[in-house]
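Each protein sequence line maps, in turn, to chains A and B.
By the count of our numbering, the first sequence reaches residue 464 at its end, each step adding exactly one.
By the count of our numbering, the second sequence reaches residue 700 at its end, each step adding exactly one.
In what follows, a single structure is set out as structure tokens and then discussed.
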Amino acid sequence: MTKIGELARAMREFDDRIIKCMRCGTCQSVCPVFTETHSEADVARGKLFLLSKLSEEMLKDPKLAREKLDRCLLCGSCQAACPSGVNTMAIFLEARALNARYMGLSPIKRLIFRGLLSHPRLFDFLSALSAPFRPVFMRPQKNAARTAKAPLLDILAGERRIPQMPRKTFSAEFGRIDLPPGKSGLKVLFFPGCMGDKVYTNVTKACVKIFKHHGVGVCIPASMACCGIPALASGDRDAFQKMAHLNIEIFKREKYDYIVTACASCTETIKEMWPKYAESDDDKKYAAMAAAKALDISEFIVDVLKVRNGPALKKASERVTYHDSCHLKKSLGVSAQPRVLIRMNAACELVEMPESDKCCGCGGSFTLTHYEISKQIGKRKRDNIVSVSPDVVAAGCPACMMQISNMLALNNDDIKVKHVAEIYADSLVEAVQ
Amino acid sequence: MSLESFAKDLEKIVGPENVLSNESDRHAYSYDSAVLEPKMPAMAVLPKRTEQLSDIIALCSRAGMPITVRGSGTNLSGGTVPDSEESVVIVTQALNNILEINEEDMYAVVEPGVVTAYFANEVAKRGLFYPPDPGSQAVSTLGGNIAENAGGLRGLKYGVTKDYLMGVEFFDASGALIKGGSRTVKCVTGYNLPGLICASEGTLGIISKAILKLIPPPKASRAMMAVFNGIDAAASSVAGIIAAHILPCTLEIMDSVTISLVEECEHIGLPKNAGAILLIELDGHPAQVAEDSETVESVLRKNGASEVAVAKNEQDKDKIWEARRKSLPALARSRPTIVLEDATVPRSKIPAMVSTIGEIAKKYDLLIGTFGHAGDGNLHPSILCDKRNSDEFRRVELAIDELFTRTVEMGGTLSGEHGIGTAKAKWLKMETNAATISFSKKLRRALDPKGLFNPTKITGTAI
Ligand SMILES: Cc1cc2nc3c(=O)[nH]c(=O)nc-3n(C[C@H](O)[C@H](O)[C@H](O)COP(=O)(O)OP(=O)(O)OC[C@H]3O[C@@H](n4cnc5c(N)ncnc54)[C@H](O)[C@@H]3O)c2cc1C
Ligand code: SF4
Ligand code: SF4
Numbered sequence: 032m033t034k035i036g037e038l039a040r041a042m043r044e045f046d047d048r049i050i051k052c053m054r055c056g057t058c059q060s061v062c063p064v065f066t067e068t069h070s071e072a073d074v075a076r077g078k079l080f081l082l083s084k085l086s087e088e089m090l091k092d093p094k095l096a097r098e099k100l101d102r103c104l105l106c107g108s109c110q111a112a113c114p115s116g117v118n119t120m121a122i123f124l125e126a127r128a129l130n131a132r133y134m135g136l137s138p139i140k141r142l143i144f145r146g147l148l149s150h151p152r153l154f155d156f157l158s159a160l161s162a163p164f165r166p167v168f169m170r171p172q173k174n175a176a177r178t179a180k181a182p183l184l185d186i187l188a189g190e191r192r193i194p195q196m197p198r199k200t201f202s203a204e205f206g207r208i209d210l211p212p213g214k215s216g217l218k219v220l221f222f223p224g225c226m227g228d229k230v231y232t233n234v235t236k237a238c239v240k241i242f243k244h245h246g247v248g249v250c251i252p253a254s255m256a257c258c259g260i261p262a263l264a265s266g267d268r269d270a271f272q273k274m275a276h277l278n279i280e281i282f283k284r285e286k287y288d289y290i291v292t293a294c295a296s297c298t299e300t301i302k303e304m305w306p307k308y309a310e311s312d313d314d315k316k317y318a319a320m321a322a323a324k325a326l327d328i329s330e331f332i333v334d335v336l337k338v339r340n341g342p343a344l345k346k347a348s349e350r351v352t353y354h355d356s357c358h359l360k361k362s363l364g365v366s367a368q369p370r371v372l373i374r375m376n377a378a379c380e381l382v383e384m385p386e387s388d389k390c391c392g393c394g395g396s397f398t399l400t401h402y403e404i405s406k407q408i409g410k411r412k413r414d415n416i417v418s419v420s421p422d423v424v425a426a427g428c429p430a431c432m433m434q435i436s437n438m439l440a441l442n443n444d445d446i447k448v449k450h451v452a453e454i455y456a457d458s459l460v461e462a463v464q
Numbered sequence: 238m239s240l241e242s243f244a245k246d247l248e249k250i251v252g253p254e255n256v257l258s259n260e261s262d263r264h265a266y267s268y269d270s271a272v273l274e275p276k277m278p279a280m281a282v283l284p285k286r287t288e289q290l291s292d293i294i295a296l297c298s299r300a301g302m303p304i305t306v307r308g309s310g311t312n313l314s315g316g317t318v319p320d321s322e323e324s325v326v327i328v329t330q331a332l333n334n335i336l337e338i339n340e341e342d343m344y345a346v347v348e349p350g351v352v353t354a355y356f357a358n359e360v361a362k363r364g365l366f367y368p369p370d371p372g373s374q375a376v377s378t379l380g381g382n383i384a385e386n387a388g389g390l391r392g393l394k395y396g397v398t399k400d401y402l403m404g405v406e407f408f409d410a411s412g413a414l415i416k417g418g419s420r421t422v423k424c425v426t427g428y429n430l431p432g433l434i435c436a437s438e439g440t441l442g443i444i445s446k447a448i449l450k451l452i453p454p455p456k457a458s459r460a461m462m463a464v465f466n467g468i469d470a471a472a473s474s475v476a477g478i479i480a481a482h483i484l485p486c487t488l489e490i491m492d493s494v495t496i497s498l499v500e501e502c503e504h505i506g507l508p509k510n511a512g513a514i515l516l517i518e519l520d521g522h523p524a525q526v527a528e529d530s531e532t533v534e535s536v537l538r539k540n541g542a543s544e545v546a547v548a549k550n551e552q553d554k555d556k557i558w559e560a561r562r563k564s565l566p567a568l569a570r571s572r573p574t575i576v577l578e579d580a581t582v583p584r585s586k587i588p589a590m591v592s593t594i595g596e597i598a599k600k601y602d603l604l605i606g607t608f609g610h611a612g613d614g615n616l617h618p619s620i621l622c623d624k625r626n627s628d629e630f631r632r633v634e635l636a637i638d639e640l641f642t643r644t645v646e647m648g649g650t651l652s653g654e655h656g657i658g659t660a661k662a663k664w665l666k667m668e669t670n671a672a673t674i675s676f677s678k679k680l681r682r683a684l685d686p687k688g689l690f691n692p693t694k695i696t697g698t699a700i
């Protein structure tokens, strides 16, 4: 059988799920890619139709369909809005896996997922090796979003402003962290994720400070792997399973009441993807148990610790607007808690931006592979942010922070980008003073 | 002219990035929301400025290339499924500017690709009101609404799209710009061209601009829900409300199949064994609303409502409307395919219609849930099935045939708001007559001699 034939046969598994799409078009009103391009093949309705044609072997050129399928942030907006309850996220993820299996993964992605992310030590080593050069690689920009232009990476990243990297990764600076529970009697396993370990180390530090303040014990094991979502999103099921397995083995050695992350995508992956797509039954079983304990940091503070009122020490001096990350609001249903956290910092006044839950355009590796569309989507986000003249824009996901920082920096906007955990942690300093 | 050189010429008009001709894109423009066989066009073109429409049409006319103009592709009658593989789909979605909202004279001027809900919201921000609210308003375009004469929940009191169309500009089959109507409330300058283009389903011209009437919003509103043991009591309540000279802005009905599916799927506390539910909203001056709602409540009780709930605040109101909002999703989720019809009968025939639908469901062994606009007789019998099951789908087709025959016998119409397209073209003669179809074809031939605008829609063939 031809490869296309095999692919088509495998795709037929999707039939029952794709047929649920009644082609009402409702997804047009929420899809960030479609909003920019107005191209029907970019919206879930079009993508699902192409998948059905693929399974009917009606496509002479499945590569074109794959390109369309890749023009997607996996933001879940379509699934959240779909009246027919089509599970687009699972369909798109699984279709990508099949595509990768039958049509191969791009060489760059293969190198990243197979090599670096699934061997955490290797990744750390490379990060450490390149750290001293960072100031040379990346010239700091004079902007509030703390980004740096990367002249030597121009070929790869183009004009993109990437965040100023810390000199040391969090794990290189602190190694394993293990603090016993205090007055709360609770212990959490904190999963910083790649971004929290290597880029936004301040966010991880803020979370540790919050745990200490509330007497929560925290363990951050050394050498954790990436959560796996970039690989899964690219259809590299093997690399994903390897990463999930590495992490599960580490988790098994720890005792904890909750798993907490400050990254919406990591939380979603641990909660939804590990139990569903992990390799062995053993892994799946452990993952299901872990999933029940996984929480976003704002959920943990507001729903578990039941922290409500912030210290009212001074009058609000900063206007803060909040961006609802797709994976946090649309997948995990967390949108009230981060706002509670911002309000708990008495120095902050929360101002809502228009379309706060419209995707920022990052979509993980989407921003690397489809930079132009990603930038158009990001520009809309940037315009919405700027329209309420904030001092700070807050988010609950490092990937969104990176995208928003880039968009603000490109437009020379003087607006800081912070994680909600940082904002809450800042208020705790003042409480101590 | 070869397809390649045609595509090159199109690219000269709109730029290469706006001509979509690869296989995947052609598939993406092969369908709309109707349950029909898809058909791929040769290519799709996305103009970025309305003037480009003229050049595109002129080019198509020279090449003898059929044209299907498409807004968001949400129509339920196949109006945007291309007529042949040698045709062009012109997509208006990027022509989406609101050109003017005039608060003093209460009108707005829009391009055809503006999304209905976005427009209504911009109008509301300026303290005015655009009432037509099709269920698809979050995505449908105003051009598509005009070309289908779309209705909505507020039809009974506020009318449908045609009642808000003051003026229109469109390009004819040669690419010439035609103007009809005006910004004034009164206008008898020439033929009623807005009236002609409304509901023309892309067969007479391509709308490039519309002037829409706006009205002051009502100052108050009140929602209520009434539960009945049987459909007859609900229908006589509807008659009673109208007889009391009260025009609710919405008067919606859900039948027992719909009620139980919504409850099974959403658990919002509906009485699962109810025979019918009416959802009513009154609006207007606060004093009038208060008085009318008392009258309506007593009409409902007199006609045997087993339960009447009146919303006391926004939260209650939202809860009441949740049942209606969840109707289509609940029906859609219950089976793989949903065939959503809009056969419409005079108001007094609603009980007869509902029992007819019940009989048809039984006869053809199908699951049919019915909800819709009780106030104007526009029901949405929704056949829940699996189109992959050829035996079942054949029964669906027979059921639809019988449904339309019975509708016309009752003095009703094939389509209250979804249009004819290709889906209902074959029943048109049954409701009208051969001469009407011939007249319509002559009209088309006169305005579009080559038969290029959506040739197989409405009349079967253009010429
Ligand atoms: C879930 C759902 C609910 C719906 N609810 C309602 C409802 O409550 N009431 C109702 O009336 N309809 C309803 N519809 C049907 C549909 O949404 C309407 O007919 C709507 O007006 C179509 O708008 P569109 O932009 O999608 O047009 P399209 O589907 O793209 O086009 C519709 C027709 O208009 C023509 N057309 C489009 N643009 C132009 C133009 N610029 N110039 C000339 N012709 C043009 C097309 O050729 C086609 O024949 C519903 C559909 C769905 C899927
Ligand atoms: S909203 Fe859902 S059912 Fe409607 S077209 Fe999109 S995917 Fe299909
Ligand atoms: S996941 Fe997001 S980007 Fe992808 S099709 Fe759905 S709405 Fe569009």
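We put the beta carbon where it would ideally sit given N, CA and C, even for glycine.
Remember, it's a predicted structure, so these values are computed and weren't measured experimentally.
Asked	Found
Any C-beta of chain B under 8 Å from that of Leu95 (chain A)	yes
8 Å Cβ cutoff met for Leu363 (chain A) and Leu263 (chain A)	no
Alpha-carbon to alpha-carbon, Arg263 (chain B) and Ile35 (chain A)	20 Å
Beta strand (DSSP E) segment containing Ala636 (chain B), residue limits	Unbroken run through Ala636 (chain B) is the alpha helix (DSSP H), Ser627 to Glu646; no beta strand (DSSP E).
Uninterrupted alpha helix (DSSP H) stretches inside the segment 335 to 389 of chain A (no shorter than 4 residues)	367 to 375
Rounded C-alpha distance that separates Leu565 (chain B) from Leu515 (chain B)	16 Å
Minimum Cβ-Cβ distance from Asp414 (chain A) to chain B less than 8 Å	no
Uninterrupted beta strand (DSSP E) stretches inside the segment 279 to 303 of chain A (no shorter than 3 residues)	289 to 292
Where Arg339 (chain A) falls, given that 16 or more other Cβ within 10 Å makes a residue buried	exposed
Ala375 (chain B) at chain A interface by Cβ criterion, 8 Å	yes
Classification of Arg268 (chain A) by the beta-carbon crowding that lies within 10 angstroms, buried from 16 upward	buried
Near ligand 2: Thr317 (chain B) beta-carbon under 7 Å from a heavy atom	no
6 Å CB neighbourhood of Leu157 (chain A) in its chain, flanking five on each side removed	In this prediction, Leu157 (chain A) has a pLDDT of 43, which is less than 50 and means its spatial position is unreliable; what the coordinates show is noted afterwards. Hits under 6 Å: none found.
Simplified DSSP assignment, three categories, for Glu248 (chain B)	helix
Check: Gly56 (chain A) C-beta below 7 Å from any heavy atom of ligand 3	no
Interface partners of Thr317 (chain B) on chain A, CB under 8 Å	Ordered by position in chain A, no residue passes the 8 Å Cβ test against Thr317 (chain B), which lies about 10 Å from the chain.
Arg562 (chain B): CB within 7 Å of a non-hydrogen atom of ligand 2	no
Burial state of Glu438 (chain B), where buried means 16 or more other Cβ atoms lie within 10 Å	buried
Within-8 Å CB hit, Gly266 (chain A) to chain B	no
Presumed contact (8 Å Cβ cut-off) between Val551 (chain A) and Val239 (chain A), rounded CB distance	The requested residue 551 (chain A) is not part of the displayed model; chain A covers only 32 to 464.
Alpha helix (DSSP H) segments (min. 4 residues) lying fully within the segment 322 to 405 of chain B	353 to 362, 379 to 385 and 392 to 395
Residue closest to Gly308 (chain B), alpha-carbon to alpha-carbon, out of B:Lys679, B:Lys362 and B:Ser377	B:Ser377
Reduced DSSP secondary structure (H/G/I, E/B, other) of Ser445 (chain B)	strand
Tyr344 (chain B) versus Leu430 (chain B): straight-line alpha-carbon distance, rounded	18 Å
Within 8 Å, strictly: CB atoms of Ala109 (chain A) and Val61 (chain A)	A small fix is needed here, since residue 109 (chain A) is Cys in this sequence, not Ala. Yes, the pair counts as a contact, with Cβ atoms nearer than the cut-off.
Supposed contact pair Leu336 (chain B) and Val347 (chain B) - C-beta distance, whole angstroms, cut 8 Å	6 Å
Close Cβ partners of Asp209 (chain A) (< 6 Å) along its chain, the five nearest in sequence each way excluded	Cys250
Integer Cβ distance of Lys554 (chain B) from Ala662 (chain B), believed to fall under 8 Å	Not a contact, Cβ separation roughly 41 Å.
As assigned by DSSP and simplified to three states, the class of Pro211 (chain A)	coil
Residue-chain proximity (Pro618 (chain B), chain A), Cβ-Cβ < 8 Å	no
Beta-carbon gap between Met280 (chain B) and Leu257 (chain B) smaller than 8 Å	yes
Within chain A, the residues that Val425 (chain B) reaches when beta carbons sit closer than 9 Å	Correct list: empty, because the minimum Cβ distance to chain A is about 38 Å.
Interface flag, His264 (chain B) vs chain A, CB-CB below 8 Å	yes
Leu604 (chain B) versus B:His610, B:Val576, B:Met277 and B:Pro588, residue with shortest Cα-Cα distance	B:Val576
Heavy atom of ligand 1 within 7 Å of Thr311 (chain B) beta-carbon	yes
Partners in chain B for Phe80 (chain A), counting only beta-carbon separations shorter than 7 Å	His264, Ala265 and Tyr268
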